[in-house]
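Going by the numbering used here, the letters in the sequence shown line up with residues 1 to 468, in that order.
Virtual Cβ for every residue (Gly too), placed ideally from N, Cα, C.
Quick caveat, the model's predicted, so the values are computed rather than measured.
Reading through the structure tokens given below for one structure.
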Amino acid sequence: MTQFLMDNRLHSVTNLPDDTTVLQFLRRDAGRCGTKEGCASGDCGACTVVLAQVDGEKLHYQTVNACLTFVSALHGKQLITVEDLKHRGELHHAQQAMIDNYASQCGFCTPGFVMSLFALEKQQTSFEREPAQHALSGNLCRCTGYRPIMDAAQQVCEQPQADQFDRAEQQTLQQLKSIKRASGPASIEALATFYLDNPNAQLVAGGTDLALDVTQRYQRLPKLISLSAIPELQQVSLTETELLIGAAAPISCCMPLVQQEFPDFGLLLARFASQQIRNQGTFGGNIANASPIGDGNPVLLALGATLVLRRGAVLRHLPLDQFFLGYKKTALQAGEFIEQIRIPRSTDSARQLRVYKVSKRLEDDISAVCAALQIEVRQGVVVHARVAFGGMAEMARRAAHCEAELLGQPWKLATIERAARALEQDFSPLSDFRASREYRMQVAKNLLRRGYIELTSPETLMRVTSYV
Numbered sequence: 001m002t003q004f005l006m007d008n009r010l011h012s013v014t015n016l017p018d019d020t021t022v023l024q025f026l027r028r029d030a031g032r033c034g035t036k037e038g039c040a041s042g043d044c045g046a047c048t049v050v051l052a053q054v055d056g057e058k059l060h061y062q063t064v065n066a067c068l069t070f071v072s073a074l075h076g077k078q079l080i081t082v083e084d085l086k087h088r089g090e091l092h093h094a095q096q097a098m099i100d101n102y103a104s105q106c107g108f109c110t111p112g113f114v115m116s117l118f119a120l121e122k123q124q125t126s127f128e129r130e131p132a133q134h135a136l137s138g139n140l141c142r143c144t145g146y147r148p149i150m151d152a153a154q155q156v157c158e159q160p161q162a163d164q165f166d167r168a169e170q171q172t173l174q175q176l177k178s179i180k181r182a183s184g185p186a187s188i189e190a191l192a193t194f195y196l197d198n199p200n201a202q203l204v205a206g207g208t209d210l211a212l213d214v215t216q217r218y219q220r221l222p223k224l225i226s227l228s229a230i231p232e233l234q235q236v237s238l239t240e241t242e243l244l245i246g247a248a249a250p251i252s253c254c255m256p257l258v259q260q261e262f263p264d265f266g267l268l269l270a271r272f273a274s275q276q277i278r279n280q281g282t283f284g285g286n287i288a289n290a291s292p293i294g295d296g297n298p299v300l301l302a303l304g305a306t307l308v309l310r311r312g313a314v315l316r317h318l319p320l321d322q323f324f325l326g327y328k329k330t331a332l333q334a335g336e337f338i339e340q341i342r343i344p345r346s347t348d349s350a351r352q353l354r355v356y357k358v359s360k361r362l363e364d365d366i367s368a369v370c371a372a373l374q375i376e377v378r379q380g381v382v383v384h385a386r387v388a389f390g391g392m393a394e395m396a397r398r399a400a401h402c403e404a405e406l407l408g409q410p411w412k413l414a415t416i417e418r419a420a421r422a423l424e425q426d427f428s429p430l431s432d433f434r435a436s437r438e439y440r441m442q443v444a445k446n447l448l449r450r451g452y453i454e455l456t457s458p459e460t461l462m463r464v465t466s467y468v
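If you want it as structure tokens, here you go:
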């Protein structure tokens, strides 16, 4: 049974299939059609809703795509849709700001933008353009243009107003705290036992990719096992030597420590899908999915990440570069799952990381090529080189021949040119609607050259964080 708050009432859902999305529930079962279906793939943001959950003695608000969120993810939370904002005949100030700034034309995307503005105001105490852009990057508008929408965001943040949700916060907290935990495994040991006995069940953390099987491929999913009630899988921490990331920790929760330890990785994560996806998607899911275009995987390969895998009571540590076996194929055994990702911390300033994403759109887009380079140069010689790419093969992969041309060689342009030519031995990229094989290969070589220039003479090249 899934229990959650909506419209200040406790809802208990018992008769819906496990693979029912929140969007399906809202439009079909709850009669709430303000939440729109646009792409059904988490790209347009028209279905954006807000979830409020207990965070100590306050509520934490975050946006999610209703089309990619299973109803089971609502358990213990408050679901807020655009219908909830108007209060006592008055529009919410997030709605009013859209009107005041002429930020809506056809109106189809407007409910999603309003919900993103609502969450932005709850999280920001002042207007800052970059956080506002990130908050709205998962919402697309085809007719109005984004300047008036950003003006609406500025108005909402600079002129905050207490609303009915602020006034009811303590009551909502008590209601949410009174909801019993969801049925299913509540500890890592219980999950391991259950999954070993039910290896055909589907583990669900964020589910943002898994849900596409339902919304795009019209498949029915087997029994789903939610990982949201298992604290060990949500933890993100630092030791003296490693950054430890629980497999079910949302990417948005990982970002502060990732940005602190690996600034270039943090810049990539700011472009990882959209805010709605980052609020639910996980590194564990990104890895287990084994997509050749998952942005996190080439960076983790370059950083030398190791996975902690569990099967029953048995743990094994597997380097990530031994985990991917082919297109959508991994080294996971039946009943085995990813428990943790362990990333070595760099204590030596000589070891540098550079990450590049090339895509047609700045944010909320899939890479044509994603490159990650970890290089260490001492006394003019390359003593460490890990180079990995996404979008260049059937899986994210290190460039072994390229690395061999770099290691032990002088750090100069001639070495880089040999390493760039070696990429032709490492990869035979495909052509698709994102890029041709020739374009991908040329871009991969150019990114290697760019890394050399940035690391050698940063003053000659203005660092940019995006490529369009």
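Hey, would you say Ala334 sits closer than 7 Å to Phe323, going by beta carbons? no
Residue(s) in a DSSP beta bridge with Ile343: Leu243
Might you give, ordered along the chain, the residues of its own chain that have their beta carbon closer than 7 Å to the beta carbon of Ser137, omitting 5 neighbours on each side? The beta carbon of Ser137 sits closer than 7 Å to the beta carbons of Ser274, Gln275, Glu363 and Asp364 from its chain, once the five residues preceding and following it are set aside; these are given in chain order.
Please report how far the alpha carbon of Ile338 lies from the alpha carbon of Leu309, in whole angstroms. 5 Å
Limits of the alpha helix (DSSP H) - the one that Glu438 falls within: Arg437 to Thr456
For Ala192, which residues in the same chain have their Cβ closer than 6 Å to its Cβ, ignoring the five residues on either side in sequence? Arg310 and Gly312
Please go through the same chain and pick out, in chain order, the residues whose beta-carbon is closer than 6 Å to the beta-carbon of Pro185, but skip the five residues on each side of it. Within the same chain, Pro185 has close Cβ partners Leu191 and Phe194.
Which of helix, strand or coil does DSSP assign to Ser466? With a pLDDT of 41 at Ser466, under the threshold of 50, the modelled position of that residue is not reliable, and the figure given next carries that caveat. It is coil, neither helix nor strand.
For Gln374 and Arg398, believed in contact at Cβ under 8 Å, the rounded distance: Not confirmed; about 10 Å, so no contact.
Given this structure, state the Cα-to-Cα distance separating Ala414 from Val377, to the nearest angstrom. 15 Å
Have a look at Gly380 and Ala393 and give me their C-alpha separation to the nearest angstrom. 32 Å
DSSP three-state assignment for Ile80, whether helix, strand or coil: strand
Leu430 and Cys402 - do their beta-carbons sit closer together than 7 Å? no
Pro458 to Ser349 span [Cα, whole Å]: 15 Å
Which class does Met395 belong to by DSSP, given the choice of helix, strand or coil? coil
Could you give the residue range of the alpha helix (DSSP H) that holds Gly285? Phe283 to Asn289
Inter-residue spacing [alpha-carbon to alpha-carbon] between Lys223 and Pro199: 10 Å
When Val114, Ala153 and Val54 are compared against Gln133, the one with the closest alpha-carbon: Ala153
Can you tell me the Cβ-Cβ gap for Thr48 and Met115, rounded? I've got them flagged as a contact below 8 Å. 5 Å
Every unbroken alpha helix (DSSP H) within the stretch 201-280, with a cutoff of 4 residues, ordered by chain: 212-215, 251-261, 263-269 and 275-278
Could you say which of Ala52, Ala419, Gly451 and Ala66 lies nearest to Gly510 if we only look at CA atoms? Residue 510 is absent from the structure shown; the chain starts at 1 and stops at 468.
Euclidean distance between Cα positions of Ala168 and Leu448: 54 Å
Looking at Val71 and Thr20, is the spacing between their C-beta atoms short of 7 Å? yes
Do the CB positions of Val50 and Ala97 come within less than 7 Å of each other? no
Alpha carbon to alpha carbon, how far is Asn15 from Lys77? 19 Å
Classify Pro250 as buried or exposed, calling it buried when 16 or more other Cβ atoms lie within 10 Å of its own Cβ. buried
Helix, strand or coil at Asn65 according to DSSP, with G and I counted as helix: strand
DSSP state of Met1, grouped into three classes? coil
Ala372 (DSSP reduced to helix, strand or coil): strand
Three-state secondary structure (DSSP) at Leu10? Residue state, collapsed to three classes: strand.
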